[in-house]
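Asker: In UniProt numbering, the protein residues as written are 1 to 272. For every residue, glycine included, the Cβ atom is placed at its ideal position computed from N, Cα and C.
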Amino acid sequence: MEQILVLMAGLVYPGLLLALVLGVIYRRLLGATAGSVRLAEALRSREGAACLVGLLAAGVGVAGLPWPYHPAQATHAWVWSWAALEVAFLVPLAPALATGVPKVVRSAARRAQIGVLGRAFLWLALGSALTIHDTWSMAALPAHLLALGAVVVAFPIAVGWGPFDDEISLGGAGLEAGLPPELRHLSTLARDVATAALLAITLVAVLPTGIVPPWLALIQILAAFIVVSLILRRMAGRLPRLPLLTSLRIGWAYAAPLAGAACAALLLVPRG
């Protein structure tokens, strides 16, 4: 019975199906147009196969958090979620890194370096918040607030949003240069699903979902997901793209101290 519940969590809620739904909602909220994707044809290419692996990994990553009504009650599997989300973000980049086309490789390397750094600091903050997920006393409040501050800085870096997005050449080509339209749609979908999954995971961790009824926790997560997505849409394009080194420096200068302080603040929380 326990194996069935784990399988249900991985495939339906809060797993692959939820990740796909969140990805579609995220695309719609950001105003992106949906393209057609033919899985049979996509699987014949290494780019398509890598994107499909990323989609599956995003579903696994979502399932490891303490979601309301979690069928398997997986509350301490966030380290596995971290690993799965790294797969979801990085595996789709592997074909681009192996192309040998300089502009494509540079774009993929930029996204990989910025994303890995941002997600490292993001998960450091999320780990501190999840450690005291069910504790919102005055002693735990500094850790929660510091984790939230780190998330605000680290999340855009982690997903490559806005000034941390890919650099586009004068001809409009970037990471997806040379790909047919269907593979471009699948690549964009894989990135959006991974981003939406990470956003949902972040909200589960930093919101007080562990101290309210499950139905209210779901409302909190969904409402915050919509609000944050709309904010990202409204702010998109208003900031210039930052060079790689500048992006990395921002992560080290702001996200790292806040995430480290959130971990240190856990020492203030009495062990019960």
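Assuming residue 210 contacts residue 134 under a Cβ cut-off of 8 Å, what Cβ separation, rounded to an integer in Å, is found between them?
Answerer: Your numbering for residue 210 matches position 210 in the sequence shown. Your numbering for residue 134 matches position 134 in the sequence shown. At roughly 4 Å, the Cβ-Cβ gap stays under 8 Å, so residue 210 and residue 134 are in contact.
Asker: Would you tell me roughly how many angstroms separate the C-alpha atoms of residue 239 and residue 167, rounded to the nearest one?
Answerer: In the sequence shown, the residue the question calls residue 239 occupies position 239. In the sequence shown, the residue the question calls residue 167 occupies position 167. So the alpha carbons of these two residues sit roughly 13 Å apart.
Asker: Have a look at residue 77 and residue 21 and give me their C-alpha separation to the nearest angstrom.
Answerer: Numbered from its first residue, the sequence shown carries residue 77 at position 77. Numbered from its first residue, the sequence shown carries residue 21 at position 21. Residue 77 and residue 21 have their C-alpha atoms spaced approximately 22 Å apart.
Asker: Which two residues bound the contiguous alpha helix (DSSP H) that contains residue 250?
Answerer: As a first step, residue 250 is located in the sequence shown; it is residue number 250 there, counting from the start. Segment 244-250, the alpha helix (DSSP H) holding residue 250.
Asker: Determine the extent of the alpha helix (DSSP H) in which residue 137 is found, giving its start and end residues.
Answerer: In the sequence shown, counting from the first residue as 1, residue 137 sits at position 137. From DSSP, residue 137 is part of no alpha helix (DSSP H); its letter is neither H nor E.
Asker: Report the rounded CA-to-CA distance for residue 164 versus residue 197, giving the unit in angstroms.
Answerer: Position 164 of the sequence shown holds residue 164. Position 197 of the sequence shown holds residue 197. Each residue's Cα considered, the two are about 19 Å apart.
Asker: To the nearest angstrom, how far is the alpha carbon of residue 107 from that of residue 185?
Answerer: In the sequence shown, residue 107 corresponds to position 107, counting from 1. In the sequence shown, residue 185 corresponds to position 185, counting from 1. Their Cα atoms are separated by approximately 18 Å.
Asker: When you compare each of 182, 201 and 146 to residue 68 by their alpha carbons, which one comes out closest?
Answerer: As a first step, residue 68 is located in the sequence shown; it is residue number 68 there, counting from the start. Closest option to residue 68, Cα to Cα, is 201.
Asker: Do you know whose CA, among 116, 100, 105 and 72, lies nearest residue 88's CA?
Answerer: Against the sequence shown, residue 88 aligns to sequence position 88. Comparing Cα positions, the closest option is 116.
Asker: Between residue 254 and the ligand PLP, is there a pair consisting of the residue's CB and a ligand heavy atom that are separated by less than 7 Å?
Answerer: For the structure depicted, the ligand PLP is absent and the ligand set is empty, with no information on it obtainable.
Asker: Please go through the same chain and pick out, in chain order, the residues whose beta-carbon is closer than 7 Å to the beta-carbon of residue 256, but skip the five residues on each side of it.
Answerer: In the sequence shown, the residue the question calls residue 256 occupies position 256. Excluding residues within five positions, the ones whose Cβ falls inside 7 Å are 121.
Asker: Beta-carbon within less than 8 Å of residue 204's beta-carbon, same chain only, minus the 5 sequence neighbours each way: which residues are those?
Answerer: What you label residue 204 is simply residue 204 of the sequence shown in a count that begins at 1. Take residue 204, set aside five residues on each side of it, and the residues of its chain with a beta-carbon closer than 8 Å to its own are 65, 66, 67 and 221, in chain order.
Asker: Got a sec, what are the start and stop residues for the alpha helix (DSSP H) residue 121 sits in?
Answerer: Indexing the sequence shown from 1 puts residue 121 at position 121. Note, residue 121: alpha helix (DSSP H), 102-131.
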